[in-house]
Each structure stands twice: as structure tokens, then as C-alpha cells.
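*Asks:* Numbering (the working numbering), first residue to last: 299 to 436.
1. Taking just the CA atoms, how far does residue 344 sit from residue 379?
2. Using C-beta distances below 6 Å, list every residue in its chain close to residue 392, excluding the 5 sequence neighbours before and after it, in chain order.
3. If you reduce the DSSP assignment to three classes, tell me which class residue 305 lands in.
4. What whole-angstrom Cβ distance do residue 367 and residue 396 have, given they're in contact under 8 Å?
5. Could you give the distance in angstroms between the alpha-carbon of residue 307 and the alpha-carbon of residue 359?
6. Which residue from 339, 347, 387 and 412 puts its Cα closest to that of residue 332?
7. Measure the Cβ-Cβ separation of residue 376 and residue 341 and say whether it is below 9 Å.
8. My understanding is that residue 382 touches residue 313, with C-beta atoms under 8 Å, so please give their C-beta distance in whole angstroms.
9. Find out if the Cβ-Cβ distance for the pair residue 350, residue 420 is shorter than 9 Å.
10. For residue 414, I'd like the list of residues in its chain whose CB is within less than 6 Å of its CB, leaving aside the five on either flank, ordered along the chain.
11. Less than 9 Å between the beta carbons of residue 311 and residue 352, yes or no?
12. Would residue 399 and residue 364 be called neighbours here (beta carbons separated by less than 9 Å)?
13. In or out: residue 309 buried (at least 16 other Cβ within 10 Å) or exposed?
14. Output needed for residue 327: all residues of its chain with C-beta closer than 6 Å, excluding positions within five of it in sequence on either side, in chain order.
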């Protein structure tokens, strides 16, 4: 990794303020550094920040989630990234389409909200799975 690289654990692609605040709090509690980006900034942010996972709100048509997934998977110059999508439990077709478009995991809004650590664990590298305590700043 170069000295100027701005690595984050997660990119949040979420416009729903209430839900975004809940996800941010969960990521902070887990010690996962994150950045919030809009749909138009996802590709550049993946290139720049090299996140472990992109968390994508599949239910927000303004984010164009399926188009974002297709772009992420079709651009060979981008670093590999895992994508966690979430949608309402009634949006079965959307969840299925997201998996076909390249989502690594798709869960319901209720599941990501209530069990963020369990949902993220399989998508994060081991170093982020088990925090070793507070950073010393050394």
C-alpha cells in the first residue's frame, strides 16, 4: 500500500439518514473505519479508499443499486471489493437480482440493523473481525 492510500473498512452507499446513522454507529462500535459516498462516487471511492466491503441500500432507486453493482463487477481496473446489499424483506426479486448482479451477500434491512457484526464478519478480513483493543497511536 502506498503512503497516500486512504484505506477504509467500509463504504456506505446509503441515503436514508435514519438508517445511515444506525449503520455508522454499528461500524464505529465494531471499530470499522468507513466513508459515506453517493452512487455517483462509488467507483472512484473504491479505487481511492480500497474498502473491504461496500454496504449498498438496494431499495433506493435513486442510488441505482443494480447499475452500481454491474459497474463494480465489470471494471477490471478496480480493486476487488465485497458488496453487502440490503433491502426490505418483501423485496425478494430485488434481492435475487442483486445477487445475480454481483452482490456477495444480501440481507434484509431488519437483519443488517439488528446483527451488523454477524452480517459483516464473513465479508471482512480477519484483522478487522477480532479487534485487538484500542489503538495506541504508535
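Beta carbons are placed, not taken as given, at the ideal position from N, Cα and C, and that holds for glycine.
*Replies:* Inspection of the coordinates gives the following:
1. By one-based count along the chain shown, residue 379 stands at place 81. By one-based count along the chain shown, residue 344 stands at place 46. So the alpha carbons of these two residues sit roughly 8 Å apart.
2. Within the chain shown, numbered from 1, the residue matching residue 392 stands at position 94. So the qualifying residues of the chain are 356 and 385.
3. For the purposes of this step, residue 305 is taken as residue 7 along the chain shown, with counting starting at 1. Residue 305 falls in the coil class under three-state DSSP.
4. Numbered from 1 along the chain shown, position 69 holds the residue referred to as residue 367. Numbered from 1 along the chain shown, position 98 holds the residue referred to as residue 396. At roughly 6 Å, the Cβ-Cβ gap stays under 8 Å, so residue 367 and residue 396 are in contact.
5. Position 9 of the chain shown holds residue 307. Position 61 of the chain shown holds residue 359. Taking the straight line joining both Cα atoms gives about 25 Å.
6. In the chain shown, counting from the first residue as 1, residue 332 sits at position 34. For residue 332, the nearest C-alpha among the options comes from 347.
7. Reading the chain shown from its first residue, position 78 is the one you call residue 376. Reading the chain shown from its first residue, position 43 is the one you call residue 341. The answer is yes: Cβ separation under 9 Å.
8. As a first step, residue 382 must be located in the chain shown, where it is residue number 84. As a first step, residue 313 must be located in the chain shown, where it is residue number 15. At roughly 16 Å, the Cβ-Cβ gap does not stay under 8 Å, so residue 382 and residue 313 are not in contact.
9. Taking the first residue of the chain shown as 1, we reach residue 350 at position 52. Taking the first residue of the chain shown as 1, we reach residue 420 at position 122. At the C-beta level, residue 350 and residue 420 stay beyond 9 Å of one another.
10. Here residue 414 corresponds to residue number 116 of the chain shown, with the count starting at 1. Once the five neighbours on either side are set aside, the close Cβ partners of residue 414 are 324.
11. Numbered from its first residue, the chain shown carries residue 311 at position 13. Numbered from its first residue, the chain shown carries residue 352 at position 54. In this structure, residue 352 lies closer than 9 Å to residue 311 by Cβ.
12. On the chain shown, residue 399 is found 101 positions in, with the first residue counted as 1. On the chain shown, residue 364 is found 66 positions in, with the first residue counted as 1. Taking the C-beta atoms as reference points, residue 364 is found nearer than 9 Å to residue 399.
13. Here residue 309 refers to the residue found at position 11 when the chain shown is read from its first residue. Its Cβ being crowded by 16 or more others within 10 Å, residue 309 is buried.
14. The sequence position of residue 327 within the chain shown is 29, counting from 1. There are no such residues.
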